[in-house]
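Below is one structure; the comments refer to it alone.
2 protein chains.
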Amino acid sequence: MKQVDIESRRRGILAAIVESYIGTATPVGSRVISQRLRGGLSPATIRNVMVDLEEMGLIMQPHTSAGRVPTDKGYRTYVDSLLEPIRLTKDEESLILKLVDQSGQDLDSIIQGASRAISVITNVAGVALTPRLKKSVFEHIEIIPIDSSRFLAVLVTSSGLVKNAMLDSGEEMAGSELARVAEFLNQELNGMSLGDIKHYLARRLLQERDSFYAFLKKAIDIVSLPNLSRMEDHLYCEGLTCMMANPEFKDMSKARLLLRLLEEKKDLFNLLYEDMESEGIKVHIGRENAIKDIQDCSLITCNYKVNGVSIGAIAAVGPTRMEYGKVMATVRYMSEVLGKVLERLG
Amino acid sequence: MKQVDIESRRRGILAAIVESYIGTATPVGSRVISQRLRGGLSPATIRNVMVDLEEMGLIMQPHTSAGRVPTDKGYRTYVDSLLEPIRLTKDEESLILKLVDQSGQDLDSIIQGASRAISVITNVAGVALTPRLKKSVFEHIEIIPIDSSRFLAVLVTSSGLVKNAMLDSGEEMAGSELARVAEFLNQELNGMSLGDIKHYLARRLLQERDSFYAFLKKAIDIVSLPNLSRMEDHLYCEGLTCMMANPEFKDMSKARLLLRLLEEKKDLFNLLYEDMESEGIKVHIGRENAIKDIQDCSLITCNYKVNGVSIGAIAAVGPTRMEYGKVMATVRYMSEVLGKVLERLG
DNA sequence: AAGTAGCACTCGAAGTGATAGAGTGCTAAT
DNA sequence: ATTAGCACTCTATCACTTCGAGTGCTACTT
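From first to last, the protein sequence lines are chains A and B. Take the first sequence: its position 186, counted from the start at 1, is 229 in the working numbering, and no numbers get skipped. Take the second sequence: its position 140, counted from the start at 1, is 183 in the working numbering, and no numbers get skipped.
Shown next, in the form of structure tokens:
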């Protein structure tokens, strides 16, 4: 069947264009492709195919007498059906392990190490979200007197993560009462997810009266302490510098938009939260992206799981022209590593 | 005395040049200065003075037929003896308070808020170092069993800051023994600075034998837990984006160096540590700076104190051409605010 | 019919004067 | 001592040209 032939030739040529452009950042002409594909096709033939690809919206010319550049749609087809998955080298894998592990047992350092590792391997910015603790499960709470009016509440989750918060009542307070509050919480909340706890206690509060009401209120105050309940998710972002070395950022005006995104973080948060809900790698290419400011950028995200539950996400952010194969491999591998490291920690 | 007159005229003109250049980022010519100084001096006169200033190394011409630009030495003279201190407006002060305070009681958020506030007010990058805890004083330690082999050590300092670390012994461990260790530490270390504790215990260890040796060893292990002893100082840096809007960074090549500095942080750490030791505002202008990569930048640092002890530093980093008056006022004010907020927290 | 060679054509990048204007330094006049 | 005037220098800018990469089309080959 001729049809099959011509189709697969098109695919080959598209792949060659994308890869060449990724490598050189220069619009790629028919001659280059003709040499790159050893198939012995002449530039003229390539040109004919290029016209087709352009009509299909997969590539475009920046101006009449220039080579072709992939469109977002072109990258999309490349990522979805042309790119054969690559594996990281042993060296790269061990570098990742080293960067994530050296950070010791500190949760934040690990996450930061992960984002740094992504950036080091791929040369684009690495981003990592700290585990979203609302999904983790209450294990127990401890209340420690510091002085006459201040207490320290320490919350331990089933995954072994620990949060603490100072409770400054302002007034003198009987330690014994707080001990009873803690005991109560430990009995009631065991096995509940942190996200549900506040709702649960609020509901119970409606049913109670009088002395127990006050008691329960105090318990809620403790659980609601900002540092315990507002699980301040952090977003670590590393590798700006090396990403900015890419020629697409040589005039600051474009770079600024991306810089702002990575500094303000809010939009990025939302996007990662969303992607965290589903399994595996997601690729957002250029204008597919909802965030306006980075429509010349691509974003590759992946959730990570601890004990089978997806509790966070990592990402790589860079210009649309990035090494998708390598970046995807890195992000995927990192997701696994991060899951394992966090499980061991828990 | 004519001498005084001519000297003060020079100073006035230098100040005018510096201020005009700071405002416009354009080499400033004699005509501009003549208009700016209402003194009714003609451009020609200004020019004569400019020649003097240039001979003194305070200003320079980028090229023959351009206006003058301050040299590092020019900025230095301006900062040291021409700049009259300005006060922030009420609005600016209250904005600072808001940004530092809204962050709740979380230490890191406060420090981060401080660096953000600096950047928002001054339009250059704001940097803030978390308090250096080695100087803070041991108050007490608490050891909480989590499960059969894991314990949580919680350390409270006299300033009310709390650190915790997980102790994973690997083996079953009697809670009662750890309780005795904690009791021992609380008696021995009360009032000691965290920096001295390890040395002290190590010295005691040399004198002890047998069963008490093992006991003491266990205590040292606990105190040496990374999260307790390695007071991982963080460096927060905010406001890259708005700083990058300055024309000096319009070609990325120069911006990259600064970006790297702010991302790698190590050099900046050292510099801030050093400046933390002395009191008040320090201004590092251009090539005065030891760090090579930012010799086109200025750095304004200030220590901050809690209960009279200098425990951290904040800074503003931007192009040499920055509004020194405003930036210095901001940094100084922020240093006070930060001290007060942290005292209240402690 | 599919592929290819050849060729005219297009368009941007890079180079070349020419011009305008901002700013200077110097000199002579006040 | 100050300043007006003027010649001079240098850059930024614009129009113009040239060069070359790359194309699309047509005619030729297999």
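Where is the CB? At the ideal position from N, CA and C, for every residue including glycine.
Cβ of residue 319/B within 7 angstroms of Cβ of residue 350/B?
Within the second sequence, the letter at position 276 stands for residue 319/B. Within the second sequence, the letter at position 307 stands for residue 350/B. Taking the C-beta atoms as reference points, residue 350/B is found no nearer than 7 angstroms to residue 319/B.
Could you please give the first and the last residue of the uninterrupted beta strand (DSSP E) stretch that includes residue 143/A?
Numbered from its first residue, the first sequence carries residue 143/A at position 100. It is not in any beta strand (DSSP E) - residue 143/A instead sits in the alpha helix (DSSP H) that spans 133-144.
Three-way DSSP call (helix, strand, coil) for residue 152/B in this model:
Taking the second sequence and counting its residues from 1, one reaches residue 152/B at position 109. It is helical.
Alpha-carbon to alpha-carbon, residue 173/A and residue 316/A
The residue labelled residue 316/A in the question sits at position 273 within the first sequence. The residue labelled residue 173/A in the question sits at position 130 within the first sequence. Distance between the alpha carbons of residue 316/A and residue 173/A is about 11 angstroms.
Keeping to the same chain, check which residues put their C-beta closer than 7 angstroms to that of residue 182/B; ignore five residues upstream and five downstream.
Reading the second sequence from its first residue, position 139 is the one you call residue 182/B. Around residue 182/B: 199, 200 and 201.
Best match in 107/A, 110/A and 97/A for proximity to residue 117/A [C-alpha to C-alpha]:
Walking along the first sequence from the start, residue 117/A turns up at place 74. Ranking the options by Cα distance to residue 117/A, first place goes to 97/A.
Could you pull the DSSP bridge partners for residue 169/A from this structure?
What you label residue 169/A is simply residue 126 of the first sequence in a count that begins at 1. Answer is 281/A and 359/A.
Going straight from the alpha carbon of residue 329/A to that of residue 168/B, what length do you get?
Taking the first residue of the first sequence as position 1, residue 329/A is located at position 286. Taking the first residue of the second sequence as position 1, residue 168/B is located at position 125. Cα to Cα, the separation comes out at about 29 angstroms.
Find out if the Cβ-Cβ distance for the pair residue 160/B, residue 142/B is shorter than 7 angstroms.
Counting from 1 along the second sequence, the entry for residue 160/B is found at position 117. Counting from 1 along the second sequence, the entry for residue 142/B is found at position 99. Yes.
Any contact of the stretch 109-123 of chain A with the stretch 64-80 of chain A, i.e. 3+ C-beta pairs under 8 angstroms?
With the rule of 3 Cβ pairs closer than 8 angstroms, the stretch 109-123 of chain A counts as touching the stretch 64-80 of chain A.
In chain order, what are the residue ranges of uninterrupted alpha helix (DSSP H) at least 4 long that sit wholly in the stretch 73-128 of chain A?
Uninterrupted alpha helix (DSSP H) stretches at least 4 residues long and entirely within the stretch 73-128 of chain A occur at 73-79, 86-98 and 115-120, given in chain order.
Contacts that residue 197/A makes with chain B (C-beta to C-beta distance below 8 angstroms)
Reading the first sequence from its first residue, position 154 is the one you call residue 197/A. The answer, in chain order, is 187, 195, 197 and 207.
Select from 293/A, 304/A, 289/A and 288/A the residue whose C-alpha is nearest the C-alpha of residue 284/B.
Position 241 of the second sequence holds residue 284/B. For residue 284/B, the closest alpha carbon among the candidates 293/A, 304/A, 289/A and 288/A is that of 304/A.
What's the gap between the Cα of residue 378/B and the Cα of residue 327/B?
Reading the second sequence from its first residue, position 335 is the one you call residue 378/B. Reading the second sequence from its first residue, position 284 is the one you call residue 327/B. Spanning the two alpha carbons is a distance of roughly 17 angstroms.
Within 7 angstroms, strictly: CB atoms of residue 162/A and residue 282/A
Taking the first sequence and counting its residues from 1, the one referred to as residue 162/A is at position 119. Taking the first sequence and counting its residues from 1, the one referred to as residue 282/A is at position 239. Contact annotation: residue 162/A and residue 282/A have beta-carbon atoms nearer than 7 angstroms.
Going by C-alpha to C-alpha distance, which of 187/A, 223/A and 154/A sits closest to residue 209/A?
As a first step, residue 209/A must be located in the first sequence, where it is residue number 166. Answer by Cα proximity: 187/A.
Coil, strand or helix - residue 67/B by DSSP:
Here residue 67/B refers to the residue found at position 24 of the second sequence. Helix at residue 67/B.
Considering only the alpha carbon of each residue, which of 367/B, 360/B, 382/B and 246/B lies closest to residue 352/B?
By one-based count along the second sequence, residue 352/B stands at place 309. Checked all of 367/B, 360/B, 382/B and 246/B; the closest Cα to residue 352/B is 382/B.
Residue 375/B and residue 324/B - do their beta-carbons sit closer together than 7 angstroms?
Here the question's residue 324/B lines up with position 281 in the second sequence. Here the question's residue 375/B lines up with position 332 in the second sequence. Inclusion of residue 324/B and residue 375/B in the CB contact set at 7 angstroms is warranted, their separation being smaller than that value.
Same chain, Cβ closer than 7 angstroms to residue 178/A, five either side skipped, listed in chain order
Taking the first residue of the first sequence as position 1, residue 178/A is located at position 135. Sequence-distant partners of residue 178/A (beyond 5 residues in either direction) whose C-beta falls short of 7 angstroms from its own C-beta, in its chain, are 236, 238, 352 and 354.
Enumerated in chain order, which unbroken segments of the alpha helix (DSSP H) with a length of 4 residues or greater are wholly contained in the stretch 253-341 of chain A?
The stretch 253-341 of chain A contains these whole alpha helix (DSSP H) runs: 253-266, 269-272, 283-287, 295-307 and 309-319.
Pull out every residue of the stretch 299-329 of chain A whose Cβ sits closer than 7 angstroms to any Cβ of chain B, in chain order.
The residues in question are 299, 302, 303 and 306.
Range covered by the alpha helix (DSSP H) that runs through residue 239/B
To locate residue 239/B, count along the second sequence from 1; it is residue 196. Residue 239/B -> alpha helix (DSSP H) spans 237-250.
Where does residue 62/A fall in DSSP's three states?
As a first step, residue 62/A is located in the first sequence; it is residue number 19 there, counting from the start. Helix, per DSSP.
Check this for me: beta carbons of residue 295/A and residue 295/B, under 7 angstroms apart or not?
Within the first sequence, numbered from 1, the residue matching residue 295/A stands at position 252. Within the second sequence, numbered from 1, the residue matching residue 295/B stands at position 252. Contact flag set, yes.
I'd like to confirm the pairing. Which residues does DSSP put opposite residue 211/A in its beta bridges?
Indexing the first sequence from 1 puts residue 211/A at position 168. DSSP lists 193/A as partners of residue 211/A.
Residue 67/A and residue 369/A closer than 7 angstroms at C-beta:
Along the first sequence, one-based indexing puts residue 67/A at 24. Along the first sequence, one-based indexing puts residue 369/A at 326. At the C-beta level, residue 67/A and residue 369/A stay beyond 7 angstroms of one another.
May I ask you to check if the CB of residue 249/A is nearer than 6 angstroms to at least one heavy atom of the ligand ZN?
Of ligands this structure carries none, so the ligand ZN is not represented either.
According to a CB-to-CB cut-off of less than 7 angstroms, which residues of the stretch 212-246 of chain A neighbour chain B?
Taking 7 angstroms as the Cβ-Cβ cut-off, the stretch 212-246 of chain A has no residue approaching chain B.
Going by DSSP in three states, residue 182/A sits in which element: helix, strand or coil?
In the first sequence, the residue the question calls residue 182/A occupies position 139. Residue state, collapsed to three classes: strand.
On the premise that residue 364/A lies in contact with residue 40/A, defined as a C-beta separation below 8 angstroms, what is that separation, rounded to the nearest angstrom?
Because chain A in this structure spans residues 44 to 389, residue 40/A falls outside the shown range and cannot be described.
Endpoints, alpha helix (DSSP H) assigned at residue 382/B:
The residue given as residue 382/B occupies position 339 in the second sequence. Element bounds for residue 382/B: 367-388.
Considering residue 228/B, what are the terminal residues of the alpha helix (DSSP H) in which it resides?
One-based indexing of the second sequence puts residue 228/B at position 185. Unbroken alpha helix (DSSP H) run through residue 228/B: 218-232.
Apart from the five residues just before and just after residue 221/A, which ones in its own chain have a Cβ nearer than 7 angstroms to its Cβ?
Here residue 221/A corresponds to residue number 178 of the first sequence, with the count starting at 1. So the qualifying residues of the chain are 186 and 194.
Tell me which same chain residues have a C-beta within less than 6 angstroms of the C-beta of residue 80/B, skipping the five on either side of it?
Counting from one through the second sequence, the residue named residue 80/B turns up at place 37. Exclusion of the five residues before and after residue 80/B leaves 59 as the residues of its chain whose Cβ lies within less than 6 angstroms of its Cβ.
When you compare only the Cα positions, how much space is there between residue 138/A and residue 229/B?
Position 95 of the first sequence holds residue 138/A. Position 186 of the second sequence holds residue 229/B. Between residue 138/A and residue 229/B, the C-alpha separation is close to 42 angstroms.
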